[in-house]
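Let me begin by presenting the structure, written as structure tokens, before commenting on it.
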Amino acid sequence: MKNTRRDFVKKGTMASAGLVFTPSLESKGMFNIFNEKKLKVALVGCGGRGSGAANQALQADENIELVAMADAFEDRLTDSYNNLYEKYKDTGKIKVKDKNRFVGFDAYKKAIDLADVVILATTPGFRPAHFAYAIENGKHVFMEKPVATDVPGIQKVLKYAREAKDKNLKVVVGLQRRYQENYLAALEEIKKGAVGKLVGGQVYWNSAGVWVRPRKPEYTELEYQMRNWYYFNWLCGDHILEQHIHNIDVANWFLDEFPVSAQGMGGRQVRTGTTMGKSLTTTS
Ligand SMILES: NC(=O)c1ccc[n+]([C@@H]2O[C@H](COP(=O)([O-])OP(=O)(O)OC[C@H]3O[C@@H](n4cnc5c(N)ncnc54)[C@H](O)[C@@H]3O)[C@@H](O)[C@H]2O)c1
Numbered sequence: 120m121k122n123t124r125r126d127f128v129k130k131g132t133m134a135s136a137g138l139v140f141t142p143s144l145e146s147k148g149m150f151n152i153f154n155e156k157k158l159k160v161a162l163v164g165c166g167g168r169g170s171g172a173a174n175q176a177l178q179a180d181e182n183i184e185l186v187a188m189a190d191a192f193e194d195r196l197t198d199s200y201n202n203l204y205e206k207y208k209d210t211g212k213i214k215v216k217d218k219n220r221f222v223g224f225d226a227y228k229k230a231i232d233l234a235d236v237v238i239l240a241t242t243p244g245f246r247p248a249h250f251a252y253a254i255e256n257g258k259h260v261f262m263e264k265p266v267a268t269d270v271p272g273i274q275k276v277l278k279y280a281r282e283a284k285d286k287n288l289k290v291v292v293g294l295q296r297r298y299q300e301n302y303l304a305a306l307e308e309i310k311k312g313a314v315g316k317l318v319g320g321q322v323y324w325n326s327a328g329v330w331v332r333p334r335k336p337e338y339t340e341l342e343y344q345m346r347n348w349y350y351f352n353w354l355c356g357d358h359i360l361e362q363h364i365h366n367i368d369v370a371n372w373f374l375d376e377f378p379v380s381a382q383g384m385g386g387r388q389v390r391t392g393t394t395m396g397k398s399l400t401t402t403s
């Protein structure tokens, strides 16, 4: 986190809050890593995580600027812009002109067009389409997990991941444990044989409730679902994919292969309201 881009060029590696670049890059969009040209970032999905990721990207180096933002909803974009602007107004890093704040379903294309690197942090159901557009247009990507919510979506992401590799574009997914020192240290010990050969394990995800954004008369059903995406599987992928992905990923990563068999067990004691997906006819 403390490394500047120059340190990275010297040391040959940098991992900063999810944005990882490698020094052997020859890709056109990344040449500015070696000089003073500003790296232009666009944020697609200006909610909690997207705003956080933009904030982290802006801290990664002095030659980074935010040039475009996109969101389905104007209020989310405005809040995010105002917060980022307030924080960075003295740095000149927020270069998002009024005309480059895009709202609506096509907003992502307009923002991506203006950037070298894009942050994709909408609700996951839209990720495959956004990722495909970014790669087709030669952009480096930081995208949040999960990368899709269904099989066609996953297949699309895999297809464009291959295309990204062919084009030497850099893609990082927000599975942050892979950059977390305690996980890396534990993995190192395991590789040295500290616990013998791994033959199995358990991964858990216990969590409390997630927000509900109350329905407003002016919302269409689609807007209500998008604002409450945790409770709609076409947008979220459900708990195992959306949250437990982190720890299932750790299992696969530490094992360095996929398990030959797996069992799951779950319970539901917290998200019990009808606004949280509980059916009105369910009795328990
Ligand atoms: N790595 C992590 O630890 C971590 C933590 C939190 C969230 N996330 C991930 O980040 C993503 C966003 O989560 P969040 O908590 O920020 O949710 P959020 O609801 O706060 O933000 C999502 C934003 O995307 C916008 N959006 C939705 N559909 C859009 C579309 N088609 N085009 C443009 N904008 C659209 C919404 O209006 C909203 O502003 C999710 O995939 C979530 O799993 C990851």
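Residue 148 in our numbering sits at position 29 of the sequence shown, and the numbers go up by one each step.
Yeah, the Cβ is synthetic: ideal placement off N, Cα and C, and Gly gets one too.
Asked: As assigned by DSSP and simplified to three states, the class of Lys147; Found: Reliability fails at Lys147, whose pLDDT of 43 lies under 50, so the model's placement of it is uncertain and no value is given.
Asked: Any chain C beta carbon closer than 8 Å to Pro247; Found: Among the protein chains of the structure shown there is no chain C, as only one such chain exists.
Asked: Paired residues, beta bridge with Asp190 - DSSP; Found: Val222
Asked: Test item: CB-CB of Tyr323 and Val369 under 8 Å; Found: no
Asked: Alpha-carbon spacing of Leu162 relative to Gly315, whole angstroms; Found: 44 Å
Asked: Beta carbon of Phe250 nearer than 8 Å to that of Tyr227; Found: no
Asked: Completely contained alpha helix (DSSP H) runs for the segment 248–288, where each covers 4 or more residues; Found: 270–285
Asked: Close Cβ partners of Glu282 (< 6 Å) along its chain, the five nearest in sequence each way excluded; Found: Ile254
Asked: Through-space distance from Asp375 to Val318, alpha-carbon basis; Found: 11 Å
Asked: Selected residue, minimal CA-CA separation from Lys156, among Cys165, Gly356, Asn182; Found: Asn182
Asked: Which residues DSSP lists as bridging Ile213, in chain order; Found: Leu185
Asked: Cα-Cα separation between Ser170 and Glu184, rounded to whole angstroms; Found: 14 Å
Asked: Inter-stretch contact (C-beta, 8 Å, three-pair minimum) for the segment 260–267 and the segment 290–305; Found: yes
Asked: Local conformation of Ala172 per DSSP, three classes; Found: helix
Asked: Pair within 8 Å by beta-carbon distance, Asn352 and Thr268; Found: yes
Asked: Endpoints, beta strand (DSSP E) assigned at Val369; Found: From DSSP, Val369 is part of no beta strand (DSSP E) but of the alpha helix (DSSP H) over 364–374.
Asked: Distance between Ala173 and Leu354 (C-alpha atoms, nearest Å); Found: 22 Å
Asked: First and last residue of the uninterrupted alpha helix (DSSP H) at Lys310; Found: 300–310
Asked: Alpha carbon of Gly312 to alpha carbon of Ile238, nearest angstrom; Found: 38 Å
Asked: Rounded straight-line distance, which links the Cα of Gly320 to that of Ser380; Found: 11 Å
Asked: Cross-strand partners of Val292 (DSSP beta bridge); Found: Met262
Asked: Host beta strand (DSSP E) of Leu239 (start-end); Found: 236–239
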